[in-house]
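In the numbering used here, the protein residues as written are 323 to 460. We treat Cβ as the ideally placed atom computed from N, Cα and C, and that holds for glycine.
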Amino acid sequence: MINKIFTGILVAGTMLMIYIMSVTGKPLKTSITPNGILHLEIASNAAATGNIVNAWEKEGLIKKAEINTYWDLVFLLFYSALLFILCKIVSKKMGEKSFLKKAGTILAPSALAAGMLDVLENGGMLASLAGIIRDNIS
């Protein structure tokens, strides 16, 4: 019963955060960044990051990008925990020799690792938004 309630909370929290992220990220979709914050997430070097940050700076969007990134820190808690729990559930419900049991067992800790890596990514994005733009951060 507690697991179902906890899983329900994680699903609801994940969905709520997807909504919040879409609302707070909408202003970041510009002619230079049509995919919004995703452009900053996948910027591969300082030049690309600088172009994005400069474009948002000119339009007064740096604070909005920071807020969206902070919301992503909350989002990653929900999605990584939800993926972890769902992988565990799948692995428990499958037969001993099932591919899905093995996959769920392997992927469960990977979901938590993804959340931790997302924290590092967000730290780099916040540094870039603060004007610390370097290749090794991008």
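The residues Thr371, Ile374 and Ser460, in chain order, have a CB closer than 7 Å to that of alanine 365 in the same chain once the five nearest residues on each side in sequence are set aside. Two segments are said to touch when three or more pairs of C-beta atoms, one from each, lie closer than 8 Å; by this definition the stretch 415–422 does not touch the stretch 333–352. Around the C-beta of glycine 347, 16 or more other C-beta atoms lie within 10 Å, and the residue is accordingly described as buried. Between threonine 391 and the set Lys326, Asp440 and Thr336, the nearest pair of CA atoms involves Asp440. Assignment of serine 432 by DSSP, reduced to helix, strand and coil, places it in the helix class. DSSP places asparagine 390 in the helix class (H, G or I) of the three-state scheme. Alanine 435 places its beta carbon 9 Å or farther from that of cysteine 409.
Sequence-distant partners of asparagine 367 (beyond 5 residues in either direction) whose C-beta falls short of 7 Å from its own C-beta, in its chain, are Asp457 and Ser460.
Distance from the CA atom of threonine 329 to the CA atom of serine 344, rounded to whole angstroms, is 23 Å.
For leucine 360, the enclosing alpha helix (DSSP H) begins and ends at 359–364.
In the structure shown, glutamate 379 falls within a helical segment according to DSSP collapsed to helix, strand and coil.
Contact between leucine 395 and threonine 336 is absent: CB atoms are separated by about 14 Å, not below the 8 Å threshold. Leucine 399 and glycine 437 have their C-alpha atoms roughly 7 Å apart.
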